[in-house]
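Following: one structure in structure tokens, then a few remarks.
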Amino acid sequence: MSKIIVAGTAYVDQPCPQCGSKRRISRTWKETLPTFTGTTVVKYSQIVCTNNVCQLAFDKQLLKDTQKRKAIKLKKEANDAARKANSLRQAKKTRKNKSRI
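All residue numbers for the sequence shown refer to my numbering, where the first residue is 484 and numbers rise by one.
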């Protein structure tokens, strides 16, 4: 059995928050997701601004934000690896200094 989840708000009817132009649906697709009780069909719609200049500015900002998040994630992974190596080094150091009497 599959369910179709429909968005409650019609986002297409709302104006663009940046420039106030109308928005339109550029593409629509469906995806079937497995759940504990079967599957669920989810329908996605990509909504874009009809003002090309506004949409290009939005796409540039989105790309910039994505690159920033990716850089933060890589830095966090490097810090986590360094922290783990340091904690293992400290554990080995304390193990060697332990008295064996």
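By construction, the Cβ of each residue, glycine as well, lies at the ideal position given by its N, Cα and C atoms.
Q.
In the DSSP assignment, the beta strand (DSSP E) including Y494 goes from what residue to what residue?
A. Unbroken run through Y494: none, as it is neither H nor E.
(Q) By DSSP's criteria, G521 is part of a beta bridge. Which residues make up the other side? (A) In the DSSP output, where bridge partners are listed per residue, G521 has T518.
Q | Touching by the beta-carbon criterion (3+ pairs, under 8 Å), the segment 522–537 and the segment 501–513 | A | As far as the Cβ criterion goes, the segment 522–537 touches the segment 501–513, which means the pair count is three or higher.
Q) Among residues of its own chain, excluding the 5 on either side of I530, which ones have a beta-carbon nearer than 8 Å to its beta-carbon? A) Close CB contacts of I530 within its chain, under the 8 Å cut and outside five residues either way in sequence, are with Y494, V495, R506, R507, I508, S509 (chain order).
Q. Cα separation between G521 and E514?
A. G521 and E514: Cα-Cα distance of roughly 14 Å.
Q) Hey, how far is the Cα of K559 from the Cα of R578? A) A straight line joining the alpha-carbon of K559 with that of R578 spans about 28 Å.
(Q) Between the alpha carbons of K526 and D548, how many angstroms are there, rounded? (A) Approximately 26 Å, taken between the alpha carbons.
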